[in-house]
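**Q** Start counting the sequence shown at 8; every next residue gets the next number (this note's numbering).
We treat Cβ as the ideally placed atom computed from N, Cα and C, and that holds for glycine.
These numbers were taken from a predicted model, which means no experiment stands behind them.
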Amino acid sequence: MTNSNGPTSTRVFGAPLRYIQGPGVLEEIGGMAALAGRHALLVADQFVMDLVGEPVRRSCRKADVSLQTVLFNGEITNAEIERLGKLAASSPVDVVIAAGGGKGIDVGKAVAHHLDVEVITLPTIASNDAPTSKIFVVYGEDHRLLGAKHMKANPLAVVVDTSLIARAPKKLLLAGIGDAISKKFEVAQCFKAGANNLYGARGMQAAGALADLCFATLLEHSQGALAAVERQQSDASLEALVEATVLLSGLCFENGGLSIAHAMTRGLTAIPETAYELHGLQVAYGLLIQLQLENRPAGFVNELRQFYARTGLPLRLRDLGMKQDATPEQIRTIATQTLTAPYIVNFERSLDADDLAAALEAVESHT
Ligand SMILES: [Zn+2]
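1. According to DSSP, simplified to helix, strand and coil, what is residue 107?
2. Regarding residue 290 and ligand 1, is the C-beta to nearest heavy atom distance less than 8 Å?
3. Which residue comes first and which comes last in the beta strand (DSSP E) that contains residue 51?
4. What is the DSSP secondary structure of residue 219, counted as helix, strand or coil?
5. Pick out whichever of 85, 320, 182 has its Cα sitting closest to the Cα of residue 154.
6. If you reduce the DSSP assignment to three classes, tell me which class residue 174 lands in.
7. Hey, out of 158, 318, 191, 35, whose CA is closest to residue 180's CA?
8. Between the alpha carbons of residue 335 and residue 288, how many angstroms are there, rounded?
9. Can you check which of these residues, 263, 306, 292, 77, is closest to residue 371 by C-alpha distance?
10. What does the alpha-carbon distance come out to for the pair residue 65 and residue 174?
11. Give the range of the beta strand (DSSP E) segment to which residue 25 is assigned.
12. Using a 10 Å radius around the Cβ and a threshold of 16 neighbouring Cβ atoms, would you call residue 123 buried or exposed?
13. Let's test the definition: count the other Cβ atoms within 10 Å of the Cβ of residue 250 and tell me whether it reaches 16, buried, or not, exposed.
14. Using the rule of at least 16 other Cβ atoms within 10 Å of the residue's Cβ for burial, across every protein chain shown, is residue 107 buried or exposed?
15. So what does DSSP say about residue 117, is it helix, strand or coil?
16. For residue 8, count neighbouring Cβ atoms within 10 angstroms of its own Cβ and tell me buried if that reaches 16, exposed if not.
17. From the DSSP output, which residues share a beta bridge with residue 125?
18. Given a cut-off of 9 Å on the beta-carbon distance, is the pair residue 346 and residue 333 in contact?
19. DSSP beta-bridge partners for residue 156?
20. Give a yes or no on whether the C-beta atoms belonging to residue 115 and residue 128 are separated by under 9 Å.
21. Using a Cβ-Cβ cutoff of less than 8 Å, which residues in the same chain neighbour residue 147 once the five nearest sequence positions on both sides are dropped?
22. Taking the straight line between their C-alpha atoms, what separation do you get for residue 22 and residue 326?
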């Protein structure tokens, strides 16, 4: 879709057909699969298969849906997508159930895209916003990111069983909070810059309103939700927070667009010291850089930094794995690699490596 981004240019809003959340909603998955047909394919790695395989099978049986399973080997490459597609081709498939974390969800989407059928996502952790979106990421055989691909449409259903999420490690939920906290500010920059959303069109006002709700929910419920995960039991805070990190965060990035906080993940993955930290924690740090570039008032930034400190979100590169203060060369590498991200242009003014390096220095020297 081409778009001139004038005041009357085409606007698009996309979303999953159904989003279901709560303790025990895994039982609903067979009924959701039946919306697409009689034959489901569960794609998951061994760990996730052991966790959800039996309940998914029971639920499908109840809904009179046959279930075939294939085991994902852990890396989303074109060869792996074809291998899983071939394994699945021995019986009919109407819908893929994509279960797991970020990669588990993405590989199920990739197989559904390959087979040209619907997908239902079943996240077992809430560390990112992949479950609601139509995008999946493919890697080369050398583990290098090849790029993002788009399914024809968003998932048929997203089934978020919070009794599973409540039993996942706390750090994964924190990463989900990090991936979501930037959205209000990234969507606002996309609107200012007249940027396209992930549907290649202008975003609706709804994306901005959802981003505001997402941010407010995170501020109110993050600490309560992290405590719920420590007890391994869902409560009202965890339910509200998961809605923000999985549903709202996903709708926001796809319908509003991404900006500097996400562009920063290119820079942070370019140096080995910070490359292996969870995506959401990199994004949370990236937001601090974005706010610095926005010249936000100190009072606002300090309040957000206090929230980061209370919840455990990263305030400096040391919190992302760096052992000592970053060298000028490391700062320069992060800055120049961040500039290679496509979202870097979704900002109120054009930025160069000096702007990014100065923002990094300022955030690093903040006391
Ligand atoms: Zn993200």
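**A** A quick look at the data gives this:
1. Annotated three-state conformation of residue 107 is strand, per DSSP.
2. Yes, since a heavy atom of ligand 1 falls inside the 8 Å radius drawn around the Cβ of residue 290.
3. For residue 51, the enclosing beta strand (DSSP E) stretches over residues 46-51.
4. When secondary structure is reduced to three states using DSSP, residue 219 falls in the helix class.
5. Distance check between residue 154 and each of 85, 320, 182 places 85 closest, using alpha-carbon atoms only.
6. Residue 174: coil per DSSP, three-state reduction.
7. Of the listed residues, the one whose Cα sits closest to residue 180 is 318.
8. Cα-Cα distance, rounded: 22 Å.
9. Nearest C-alpha to residue 371: 292.
10. If you take the alpha carbons of residue 65 and residue 174, they lie about 21 Å apart.
11. Element bounds for residue 25: 25-29.
12. Looking at its Cβ environment, which holds fewer than 16 other Cβ atoms inside 10 Å, residue 123 is exposed.
13. Burial call: buried.
14. It is buried - the Cβ of residue 107 has at least 16 other Cβ atoms within 10 Å.
15. Residue 117: helix per DSSP, three-state reduction.
16. A caution first: residue 8 carries a pLDDT of 48, below 50, which makes its placement in the model too unreliable to give a value.
17. Residue pairing by DSSP puts residue 125 in a beta bridge opposite 102.
18. Contact: no.
19. When beta bridges are read from the DSSP output, residue 156 appears opposite 143.
20. For residue 115 and residue 128, yes; Cβs fall inside 9 Å.
21. Excluding residues within five positions, the ones whose Cβ falls inside 8 Å are 84, 153.
22. Here the C-alpha atom of residue 22 lies approximately 34 Å from the C-alpha atom of residue 326.
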